[in-house]
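Chains as they are written, first to last, in the working numbering: chain H, 34 to 243; chain X, 4 to 129.
Glycine is no exception: its CB is placed at the ideal position from the N, C-alpha and C atoms.
Working notes for the structure below.
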Amino acid sequence: MSAFATLAPVYSMPAAPHGDVDLPDASSRARLRALNEFLASVELKAFRIAQITLRHEDDACDVVQDAMLQLARAYAERPAEEWKPLFYRILENRIRDVQRRRMVRNRVIAWLPFRRDAEEDDDLPDPIERAPSPVAGPVKQIQVDETMQALEAALQELPARQRQAFLLRTMEGMDVAETAAAMGCSEGSVKTHYFRAVNALRARLGDFWS
Amino acid sequence: MTAQQDEFEARAREALDASVTRVNGRVRSRLNQARQAALAEIGARPRSIWQLPALLPAAGATAAAVLVALAFVANRGPDRGFAQEGAAFEDIEMLSDGDGLELVENWDGSFYEWAVAAGEEGGSGA
């Protein structure tokens with residue numbers, strides 16, 4: 034669970050400023066607590082999956098936020114064991130939406146006679162904001178960075194379905210059935226995508242990781 | 004699955020997990036806020052009136068009262084005004100009056116005819 038999960042308990046938040054507000058009974062409180070724990074357990078991995086795919090920090094945060102909201106709005110009453118595949122399915126749909134919007138935007142921009150230099154300036158990273166958490170020493174950190182950069186580059190080369198199967202299975206630790214539910218395909222397809230992804234990554238990273 | 008594949012997957016998993024722990028504070032804060040917003044969405048959702056069991060008896064009583072009132076108004080047609088209701092009460096009073104029935108049973112038509120004729124003659128002769 035995220036270290037931030039305990040900073041702002043959901044029950045200490047102010048009530049909504051409009052409308053009749055549900056006063057949660059015991060079962061509602063338990064469900065809220067369970068959903069809070071679930072979202073806290075998946076949010077960082079979901080962010081990394083989105084970031085690896087979209088290669089943009091803010092876009093990754095946005096899609097994770099959308100997925101959280103959609104899960105809370107539409108599926109909070111569903112059994113808790115269904116939340117993970119549902120959440121990752123929503124997340125994947127949001128990622129795909131962002132990719133489609135980018136494609137449309139790039140096509141439109143390609144037709145324009147000028148480029149937006151200001152927008153490019155906005156994308157420059159803030160070194161303070163991007164300072165990593167102090168969890169490893171500098172040498173170890175460099176090794177981790179290099180390994181991760183190589184892996185991310187290799188993941189970018191994979192077809193979307195293979196990348197999705199690999200990340201859900203390896204990073205999130207989902208089994209074949211959960212991955213199939215999250216991807217909306219059969220278990221056999223998950224196995225195929227995953228097998229091909231592992232082989233492609235090994236072929237690409239074998240020299241680097243040997 | 005081969006040992007090489009297992010080793011590769013373990014190494015990939017380790018790298019991915021390490022990258023998760025290194026997510027910066029700004030992103031962690033944003034994700035935390037997003038989670039709280041999602042949970043607040045549930046807390047602020049207006050509850051349907053049918054989901055309030057405490058209100059169901061009161062709602063039932065109100066519905067029953069409205070039905071009774073509608074039945075009363077529907078059975079009271081427009082020709083049943085207050086005056087006619089008064090006449091009906093008078094009819095009932097006459098029928099239940101014992102003296103009235105006795106007068107009808109002992110009807111003496113000739114006496115009343117003579118009294119009327121005598122009155123007219125007396126009136127005209129005076």
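Between L124 (chain H) and V96 (chain H), the C-beta gap is smaller than 8 Å, which places the two residues in contact. Taking 8 Å as the CB threshold, A15 (chain X) lines the interface with chain H.
In the three-state DSSP reduction, S113 (chain X) falls in the helix class (H, G or I). In the DSSP annotation of this structure, the continuous segment of the alpha helix (DSSP H) that includes C94 (chain H) starts and ends at E90 to Y108. Taking a C-beta cut-off of 8 Å against chain X, the contacting residues of the stretch 68–89 of chain H are L68, N69, L72, A73, E76, L77, K78, F80 and R81, listed in chain order.
No Cβ of chain H is located within less than 8 Å of the beta carbon of A6 (chain X). Chain order gives the chain H residues near A37 (chain X) as E76, C94, V97, Q98, M101 and L102, where near means a beta carbon separation below 8 Å. For L201 (chain H), there is no enclosing alpha helix (DSSP H), since its DSSP letter is neither H nor E. With distances taken between CA atoms, E115 (chain H) lies nearest to H:E211 out of H:L184, H:R229, H:L77 and H:E211. Proximity of the stretch 201–221 of chain H to the stretch 183–193 of chain H falls short of the contact definition, fewer than three beta-carbon pairs being nearer than 8 Å. Between D178 (chain H) and L102 (chain H), the alpha-carbon positions lie close to 32 Å from each other. Taking the beta carbon of T180 (chain H) as reference, the chain X residues within 7 Å of it are A18, listed in sequence order. Comparing alpha-carbon positions, the option among H:S60, H:A100 and H:I82 lying closest to V26 (chain X) turns out to be H:I82. Under the Cβ criterion of 8 Å, M204 (chain H) is counted among the residues facing chain X. Straight-line measurement puts the Cα of T225 (chain H) at about 12 Å from the Cα of Q197 (chain H).
A233 (chain H) has a beta carbon lying at 8 Å or more from every beta carbon in chain X.
By the CB criterion at 8 Å, R229 (chain H) and F11 (chain X) fall outside the cutoff. Counting along the chain, P118 (chain H) sits inside the alpha helix (DSSP H) bounded by residues W116 to W144. Here Q182 (chain H) is exposed: its Cβ has fewer than 16 other Cβ atoms, across all protein chains shown, within 10 Å. Shown here, G46 (chain X) sits in a helix according to DSSP, grouped into three states. For Y115 (chain X), the number of other beta carbons within 10 angstroms of its own is below 16, and it is reported as exposed. Within the same chain, Cβ atoms closer than 8 Å to the Cβ of V231 (chain H) are found at F199, the five residues on either side in sequence being excluded. No Cβ of chain X is located within less than 8 Å of the beta carbon of A186 (chain H). At a cut-off of 8 Å between beta carbons, R129 (chain H) makes no contact with chain X.
For A113 (chain H), no alpha helix (DSSP H) segment is defined, and its DSSP state is neither H nor E. Counting along the chain, V209 (chain H) sits inside the alpha helix (DSSP H) bounded by residues V209 to M216. Within chain X, the residues whose beta carbon sits less than 9 Å from that of L65 (chain H) are L42, I45 and G46, listed in sequence order.
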